[in-house]
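Numbering (full-length UniProt numbering), first residue to last: 1 to 66. In this text, a Cβ means the ideal position worked out from N, Cα and C, and glycines have one as well.
And the structure:
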């Protein structure tokens with residue numbers, strides 16, 4: 001269990017730093033897209049709509065599970 005705790009702490013620290021760097025660069029992290037994409041790979045049979053790019057607004061639509 002100790003190894004899992006260390007692993008989760010390291011992952012949280014990396015995600016926090018990633019978030020800070022993106023925000024300093026004026027970008028917004030797309031956590032919803034990352035989580036939906038990851039869950040689509042981890043859970044067999046889970047269907048996900050990853051969203052689509054809207055050029056006029058220069059953004060992605062929100063991803064979701066179907």
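Grab me the residues of residue i's own chain with a C-beta within less than 7 angstroms of its C-beta, minus the 5 sequence neighbours each way, in chain order.
i          : result
residue 51 : 33, 60, 61, 62 and 63
What's the gap between the Cα of residue i and the Cα of residue j?
i          : j          : result
residue 49 : residue 40 : 9 angstroms
residue 57 : residue 27 : 15 angstroms
residue 35 : residue 29 : 11 angstroms
Could you check what DSSP says for residue i in three-state terms: helix, strand or coil?
i          : result
residue 2  : helix
residue 59 : strand
Spatial neighbours of residue i within its chain, please: CB distance less than 6 angstroms, with the 5 preceding and 5 following residues excluded, ordered by chain position.
i          : result
residue 47 : 66
Scan the segment 8–56 and note each continuous alpha helix (DSSP H) run of 4 residues or more that stays entirely inside, going in chain order.
31–42
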